[in-house]
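Novice:
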Amino acid sequence: MAKYEESQEVENERSKNRQRATRERRAEEKEIKKQRREALNQATSTKERREIKRAAEEATLSTRGPSSAGGSDKGGIYDISTNNYSQPQRNQLGQDSSIEDAGIDTLGGSSAADSVGDTNTFTLDIVKDDNTAGTATFNGPGVNDD
Amino acid sequence: MPNAILRAGPDTQGRPVSCANDTSSSAWPWQYIKLVNISKVTHTGCEDSPIGNIPTTKHSDSNDSNVETATGNFSISRSATSNHGTTIDIGFEFVYQATQSFDIKITYNGSASGGPDIDSSSNIRFVDNKAGGSASGFPSLSGSITRTLPASVVPALYSAALSVGIGIEFPDDICTPSSGSANASATLGIEFL
Numbered sequence: 023m024a025k026y027e028e029s030q031e032v033e034n035e036r037s038k039n040r041q042r043a044t045r046e047r048r049a050e051e052k053e054i055k056k057q058r059r060e061a062l063n064q065a066t067s068t069k070e071r072r073e074i075k076r077a078a079e080e081a082t083l084s085t086r087g088p089s090s091a092g093g094s095d096k097g098g099i100y101d102i103s104t105n106n107y108s109q110p111q112r113n114q115l116g117q118d119s120s121i122e123d124a125g126i127d128t129l130g131g132s133s134a135a136d137s138v139g140d141t142n143t144f145t146l147d148i149v150k151d152d153n154t155a156g157t158a159t160f161n162g163p164g165v166n167d168d
Numbered sequence: 030m031p032n033a034i035l036r037a038g039p040d041t042q043g044r045p046v047s048c049a050n051d052t053s054s055s056a057w058p059w060q061y062i063k064l065v066n067i068s069k070v071t072h073t074g075c076e077d078s079p080i081g082n083i084p085t086t087k088h089s090d091s092n093d094s095n096v097e098t099a100t101g102n103f104s105i106s107r108s109a110t111s112n113h114g115t116t117i118d119i120g121f122e123f124v125y126q127a128t129q130s131f132d133i134k135i136t137y138n139g140s141a142s143g144g145p146d147i148d149s150s151s152n153i154r155f156v157d158n159k160a161g162g163s164a165s166g167f168p169s170l171s172g173s174i175t176r177t178l179p180a181s182v183v184p185a186l187y188s189a190a191l192s193v194g195i196g197i198e199f200p201d202d203i204c205t206p207s208s209g210s211a212n213a214s215a216t217l218g219i220e221f222l
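Residue numbers (my numbering), protein chains in the order written: chain R, 23 to 168; chain W, 30 to 222.
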C-alpha cells in the first residue's frame, strides 16, 4: 500500500511537471506568434514575409522539442517488406525546390498569399452585383510586390 | 447574375470613379465633374483707325471645373447678360463602373433673348458623348434624352453639355456703348432612373 502511495505521489509530481512545461511552451508560442504578426505588419516585401514566417515556424518547433522537429517515431511509416520504420521529412518551406522535393504545405508556410494563420485583414471597395457600392474583406498580408 | 467587381480609379486622367448610379454610399460617394464657362463681351465705345472709328469691346471669362458629390438627381443652372454678347457653357462628366447597365435621363433647357438686333451666329446646342446625342435651336431649346449606360468593369465616361450663345449687333452709333442686352440662361439636369 505504501509502495502504491509512493508511486502515485511520483506520478502526480510528473503530471504537475508536464502541465507546467505545457504552460510555458504555450506562453512561448504565443509570444512567437505575436512577434510574427508584428514583423509581418512591418514587412515590405514578399521575400521578407517569407523569411519571417520561416523563422517563426522554426522558433515554434524549437519550443516543442525534438518530437515536433521530426526526431521521434511518431507519425512514421512502417515498411512491411523491409521491416524498416522511417520518419518522413519535414514539409517544404521554400519555393525554389523541385516538385519532387515538395511536401504538403505547412500552415503559415512559404506562400505570401497563404492566409491561414494570418490575422491581417484588408478591405477593398467593390461594385456589388446589384450595382450598389460595397466592400469586400480579405485575409492575408495585403499588397504584394508582384 | 453578374459578379461583384473591384473598385478602380481614379481613371487615367485623375477623375474620380463612381459606383454605377448608387449615390447613397457615404463610403464611396458618387462624384462628377461640373463644368461652367461664362463668356461676356461688353461694348465699351469706339476708337480711331485708318478706316475710321471701330467699336471697342471688353471680354470677361470665367471658367470653373470642380469635382462635386451628388446624393441623388442634380442639375446645373446659370444665367448671364451683357450688352453685346453672352455665351454660357455648362456640362458635367462622370466616370463609373457598373456590374450591370443602368439608365439616366438628361434634361436640358436653354433660352436666349436680346436686341434690338440679334446676331445670326447665335445658337443653343446640347451634346453628349453618345451617338445621336446632339440637338440645336434658337432662341430656345429644351428636351430630354434617356441613356442606358452599359456595364463596365473598367472606368467608363459619360459627359453632356449645353451651350447657349447670343450676340447682338452694334448700335448705329458705335461710339456710344450699346444699350441693348444679350441674355442667356441654361439648365442641365440628370435623373437616375
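Ideal Cβ positions, reconstructed from N, Cα and C, are used throughout, including at glycine.
Counting only beta-carbon separations shorter than 8 Å, does VAL165(R) have a partner in chain W?
Specialist: For VAL165(R), the answer is no, since every Cβ of chain W falls outside 8 Å of its Cβ.
Novice: Is LEU146(R) helix, strand or coil by DSSP?
Specialist: Residue state, collapsed to three classes: strand.
Novice: Report yes if the CB atom of TYR187(W) is closer than 8 Å to the CB atom of ASN158(W), and no otherwise.
Specialist: Contact flag set, yes.
Novice: Along chain R, which residues have their Cβ under 8 Å away from the Cβ of ILE203(W)?
Specialist: Residues of chain R passing the Cβ test: none, with the nearest at roughly 59 Å.
Novice: Are the CB atoms of GLY196(W) and ALA211(W) nearer to each other than 8 Å?
Specialist: Yes.
Novice: For PRO45(W), name the three-state secondary structure that DSSP assigns.
Specialist: If DSSP states are grouped into helix, strand and coil, PRO45(W) belongs with coil.
Novice: Strictly under 8 Å for the Cβ-Cβ distance: is THR159(R) near chain W by that measure?
Specialist: For THR159(R), the answer is no, since every Cβ of chain W falls outside 8 Å of its Cβ.
Novice: Does the CB of PHE48(W) have a neighbour CB from chain R at under 8 Å?
Specialist: Note on identity: in this sequence residue 48(W) is Cys, with Phe being the wrong assignment. True, the Cβ-Cβ gap to chain R drops below 8 Å.
Novice: So if I threshold CB-CB distances at 7 Å, which residues from the stretch 172 to 184 of chain W count as touching chain R?
Specialist: Listed by position along the chain: nothing, the set is empty.
Novice: Go to LYS69(W), then tell me how far its beta strand (DSSP E) extends in each direction, as first and last residue.
Specialist: Looking at the DSSP string, the run of the beta strand (DSSP E) that includes LYS69(W) is 59 to 76.
Novice: Could you have a look at GLY125(R) and say whether DSSP puts it in helix, strand or coil?
Specialist: With a pLDDT of only 38 at GLY125(R), under 50, the local geometry of the prediction cannot be trusted, and no value is derived from it.
Novice: Between LEU222(W) and the rest of its own chain, which residues show a CB-CB distance below 6 Å, the 5 nearest in sequence each way excluded?
Specialist: So the qualifying residues of the chain are ASP132, LYS134.
Novice: Buried or exposed: which applies to GLU79(R), given that a residue is buried once 16 or more other Cβ atoms fall within 10 Å of its Cβ?
Specialist: Burial call: buried.
Novice: List the endpoints of the continuous beta strand (DSSP E) containing PHE103(W).
Specialist: Residues 103 to 111.
Novice: Suppose you measure from the CA of THR11(R) to the CA of ARG44(W); what does that come to, to the nearest Å?
Specialist: Residue 11(R) is absent from the structure shown; chain R starts at 23 and stops at 168.
Novice: Give the single residue among LEU217(W), SER207(W), ALA180(W), ALA141(W) whose Cα lies nearest to the Cα of LYS87(W).
Specialist: Comparing Cα-Cα distances from LYS87(W) to each of LEU217(W), SER207(W), ALA180(W), ALA141(W), the minimum goes to SER207(W).
Novice: So, at 7 Å on beta carbons, what are the nonlocal neighbours of SER67(R) in its own chain, with the 5 sequence-adjacent residues on each side left out?
Specialist: Hits under 7 Å: ASP167.
Novice: Alpha carbon to alpha carbon, how far is VAL182(W) from PRO200(W)? Give it in angstroms, no decimals.
Specialist: So the two alpha carbons sit approximately 57 Å from each other.
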